[in-house]
Amino acid sequence: MNSEEIKKDFPIFKNRDITYLDSGATAQRPQCVIDAIDKFYENKNANPHRGAYELSIEATEAYENTRDKVAKFINAAHKEEVIFTKNASEALNLIAYSYGLDNLNEGDKVVISIMEHHSNLVPWQFVTKKTGSKLEYMYINENYELSEEEIKSKITENTKIVGITHVSNVLGTINNIKEIIKYAHKMGAVVIADVSQSIPHMKIDVQDLDCDFLAFSGHKMLAPLGIGVLYGKKKILNNMNPFLMGGDMIEYVYEDKTTFAPLPNKFEAGTQNVEGAVGLGAAIDYIEKIGYDTIENIEKDILSYAKSELSKLDFVETYYTPNKENHSSVISFNIKGIHPHDLATILDSEKVAIRAGDHCAQPLIRYLNLPATCRASFYMYNTKEDVDKLINALKKAYNMFAKFIK
Amino acid sequence: MENLDEVYNELIMEHSMNSYNKHKLDHADRCEKGHNPSCGDEIELELKLNGNIIEDIAFTGSGCAISQSSTSIMADVLRGKTIAEAKEITKTFIEMIKREITDEKELEKLEEAIAFKNVANMPARVKCALLAWHTLEKMI
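Shown next, in the form of structure tokens:
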């Protein structure tokens, strides 16, 4: 399979004339995912976990089948270690509230990287302030990478929680999270891996990584909006208090007290997003059908082509590691003298969709001393033709602005 | 988008890249910061008043061509106007960008600021064009 063939599976590219280079924000959906949602509503819709009738049982099965599928997909040891959330942000907030608030004390440290998305950063500011613990950052070096020295100097014996993104959504840097997890465990900390930007592109194995928690959104990996996953080690999840309370997450409710349902229901209050789960299941099937090997090969080609074409434009500045084995799927760039938002507008007039701004990573953008960046992000359906269109649009933008740049 | 050249026109580009209004005032009477958190556009507006007349306006800051030129052109248009006139022009500008003006004649009072008319067709950029004017609203 090549990306031209894969592209045919995505109806949006038949319906819209667009060069879509914003999959880091959200991916497009293949027909099979859209069909799976339709079929669910046409044949199986009911409230899961509630009714004793056949339809509700089938809705429950549809929902729980995806849990099995996710567990296998990320190689979780137990299916109840997979908790559905609405996205990675909710999963990370759940950890911050239900684990962080109850396990951090004065003098403890939470260590995260400067590359974190706001969703793995702002909750830790809140929780460390609330508990009197301290938030510390691991900073990147001139290659936009975390050095071993930096990691070891920040993760110390009083570090109780480490939050680390697998792939930076701004820089595309792949962090060696397996080594970070190993070292953090040696220091006695639990580790949260945010794999939102990596799981669309590479195989994730929670047992191999040995992470304590892991979070991702479905919509970046071809699934519908509004479904995400929290993985946590069973022993840790069992000892945590619920995050949201209400229907379906309880066992017995008395006037003055409540006992909670066992995992995973304890963390899934209220009627759940079954359509989202069904769509996520179909997305996993699709990714497995294409195969991560194929996805990685396609993206390696497209990324190296894009980098080589961009390097030919002397007015473009790029921000990524020179170590290509540590670089995945996104390229941030700027044209000197043109603000990223103006550039995105001009590219839009050429039907090239990129993201411009701080990418929900303001501390990183500030650390890089940039006002903002443009970001092109790639996925399995992007072709060399897409890159050529980007390059042509960049040339047009530069020509428009060049005579005014003094 | 069809009217890209109408938005990124000569006047807007000149003001965004090489604005003579971009500096600090020596003895400003009022100062206010404006910020678009989602875009990162930042400006600091300064006013020098003489009674109820805006004697001078200047700004510093950074951001996209739309936000920076809108600030600069606003300074040109409002310099020498009374506060009441400035309020009226600001209201009209905001209404133009939000497409709430029915009588085109009303736009005449905007002078050069009418150059931003087509930003009304670019929802993603409306906030950029309005930043300076919303900031000024807080000052007068």
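For the protein sequence lines, the chains are A and B, in the order given. Those letters in the first sequence? Residues 1 to 406, by this note's numbering. Those letters in the second sequence? Residues 1001 to 1140, by this note's numbering. Ideal Cβ placement from N, Cα and C applies to all residues, glycine included.
Please confirm whether residue i has its beta-carbon closer than 8 Å to some beta-carbon of chain B.
{"i": "residue 404/A", "result": "yes"}
{"i": "residue 346/A", "result": "yes"}
{"i": "residue 119/A", "result": "no"}
{"i": "residue 376/A", "result": "no"}
{"i": "residue 115/A", "result": "no"}
{"i": "residue 25/A", "result": "no"}
{"i": "residue 349/A", "result": "yes"}
{"i": "residue 102/A", "result": "no"}
{"i": "residue 393/A", "result": "no"}
{"i": "residue 372/A", "result": "yes"}
{"i": "residue 342/A", "result": "yes"}
{"i": "residue 380/A", "result": "no"}
{"i": "residue 221/A", "result": "no"}
{"i": "residue 339/A", "result": "yes"}
{"i": "residue 400/A", "result": "yes"}
How is residue i classed by DSSP in three states: helix, strand or coil?
{"i": "residue 116/A", "result": "coil"}
{"i": "residue 1031/B", "result": "strand"}
{"i": "residue 216/A", "result": "strand"}
{"i": "residue 133/A", "result": "coil"}
{"i": "residue 20/A", "result": "strand"}
{"i": "residue 231/A", "result": "strand"}
{"i": "residue 1107/B", "result": "helix"}
{"i": "residue 328/A", "result": "coil"}
{"i": "residue 992/B", "result": "The requested residue 992/B does not occur in the structure, where chain B is confined to residues 1001 to 1140."}
{"i": "residue 407/A", "result": "Lying outside 1 to 406, the shown extent of chain A, residue 407/A is not represented and no answer is given."}
{"i": "residue 1125/B", "result": "helix"}
{"i": "residue 265/A", "result": "helix"}
{"i": "residue 353/A", "result": "strand"}
{"i": "residue 175/A", "result": "coil"}
{"i": "residue 334/A", "result": "strand"}
Please tell me whether residue i has its Cβ less than 8 Å away from any Cβ of chain A.
{"i": "residue 1038/B", "result": "yes"}
{"i": "residue 1132/B", "result": "no"}
{"i": "residue 1070/B", "result": "no"}
{"i": "residue 1028/B", "result": "no"}
{"i": "residue 1063/B", "result": "yes"}
{"i": "residue 1031/B", "result": "no"}
{"i": "residue 1122/B", "result": "yes"}
For the alpha helix (DSSP H) that contains residue i, what are its first and last residues?
{"i": "residue 345/A", "result": "340-349"}
{"i": "residue 366/A", "result": "362-367"}
{"i": "residue 306/A", "result": "292-311"}
{"i": "residue 209/A", "result": "206-209"}
{"i": "residue 385/A", "result": "384-402"}
{"i": "residue 1016/B", "result": "1010-1017"}
{"i": "residue 251/A", "result": "Run containing residue 251/A: none in the alpha helix (DSSP H); it sits in the beta strand (DSSP E), 250-253."}
{"i": "residue 377/A", "result": "Here residue 377/A belongs to no alpha helix (DSSP H); instead the beta strand (DSSP E) covers 373-377."}
{"i": "residue 165/A", "result": "Residue 165/A -> not in any alpha helix (DSSP H); beta strand (DSSP E) instead, spanning 159-165."}
{"i": "residue 1073/B", "result": "1065-1078"}
{"i": "residue 73/A", "result": "54-73"}
{"i": "residue 1083/B", "result": "1083-1097"}
{"i": "residue 151/A", "result": "148-154"}
Under DSSP, the beta strand (DSSP E) around residue i begins and ends at which residues?
{"i": "residue 318/A", "result": "316-319"}
{"i": "residue 1050/B", "result": "1041-1050"}
{"i": "residue 98/A", "result": "That residue, residue 98/A, is in no beta strand (DSSP E); it is neither H nor E in DSSP."}
{"i": "residue 13/A", "result": "Not the beta strand (DSSP E): residue 13/A falls in the alpha helix (DSSP H), residues 12-15."}
{"i": "residue 1119/B", "result": "It is not in any beta strand (DSSP E) - residue 1119/B carries neither H nor E in the DSSP assignment."}
(Q) Would the region 83-91 of chain A count as touching the region 220-231 of chain A if we require 3 or more Cβ pairs under 8 Å? (A) Enough Cβ pairs lie closer than 8 Å, so yes.
Q. Quick check: the region 298-309 of chain A against the region 63-75 of chain A, are there 3 or more CB pairs under 8 Å?
A. No, because fewer than three Cβ pairs between the region 298-309 of chain A and the region 63-75 of chain A fall closer than 8 Å, the two stretches do not touch.
Q.
What are the residues in the region 351-368 of chain A lying within 9 Å of chain B by C-beta distance?
A. Those residues of the region 351-368 of chain A that come within reach of chain B (Cβ to Cβ, closer than 9 Å) are 356, 357, 358, 362, 365.
Q. Pairing CB atoms from the region 194-204 of chain A with CB atoms from the region 44-60 of chain A, are three or more of them under 8 Å?
A. No contact exists between the region 194-204 of chain A and the region 44-60 of chain A.
**Q.** Residues within the region 1004-1018 of chain B neighbouring chain A, beta-carbon criterion of under 7 Å
**A.** From the region 1004-1018 of chain B, only 1004, 1008, 1013, 1014, 1017, 1018 have a Cβ closer than 7 Å to chain A.
Q.
Count Cβ pairs between the region 1018-1026 of chain B and the region 1105-1124 of chain B that sit closer than 8 Å; are there 3 or more?
A. Too few Cβ pairs lie closer than 8 Å, so no.
Q. Should the region 343-360 of chain A be called in touch with the region 392-399 of chain A, which here means at least 3 C-beta pairs below 8 Å?
A. Because the criterion of three Cβ pairs below 8 Å is met, the region 343-360 of chain A and the region 392-399 of chain A touch.
Q.
I'd like to know if the region 11-28 of chain A and the region 215-225 of chain A are in contact, where contact means that at least 3 CB-CB pairs between them fall below 8 Å.
A. Yes: at least three Cβ pairs fall under 8 Å.
Q. Can you list, in chain order, the residues of the region 1095-1116 of chain B whose Cβ is nearer than 8 Å to any Cβ on chain A?
A. Correct list: empty, as no residue qualifies.
**Q.** Residues in the region 1070-1085 of chain B having any Cβ partner in chain A nearer than 7 Å
**A.** Per Cβ criterion, the list is empty.
Q) Any chance the region 365-384 of chain A sits against the region 322-336 of chain A, with 3 or more Cβ pairs inside 8 Å? A) Yes: at least three Cβ pairs fall under 8 Å.
(Q) Below 8 Å, how does it come out for the region 1031-1040 of chain B and the region 1084-1096 of chain B: are there three or more Cβ pairs, yes or no? (A) The region 1031-1040 of chain B and the region 1084-1096 of chain B do not touch, with fewer than 3 CB-CB distances between them shorter than 8 Å.
Q. Taking contact to mean at least 3 C-beta pairs separated by less than 8 Å, is the region 182-196 of chain A in contact with the region 353-364 of chain A?
A. No, they do not touch.
Q) On the three-pair Cβ rule with 8 Å, is the region 95-114 of chain A touching the region 133-140 of chain A? A) Contact holds between the region 95-114 of chain A and the region 133-140 of chain A, because three or more Cβ pairs, one in each stretch, are under 8 Å apart.
Q) Does the region 90-106 of chain A come within contact of the region 126-133 of chain A, defined as at least 3 CB pairs closer than 8 Å? A) Short answer: they touch.
Q. Using 8 Å as the Cβ pair cut-off and three pairs as the minimum, do the region 36-43 of chain A and the region 247-256 of chain A touch?
A. Because the criterion of three Cβ pairs below 8 Å is not met, the region 36-43 of chain A and the region 247-256 of chain A do not touch.
Q | Contact between the region 278-295 of chain A and the region 258-267 of chain A (3+ Cβ pairs under 8 Å) | A | Because the criterion of three Cβ pairs below 8 Å is not met, the region 278-295 of chain A and the region 258-267 of chain A do not touch.
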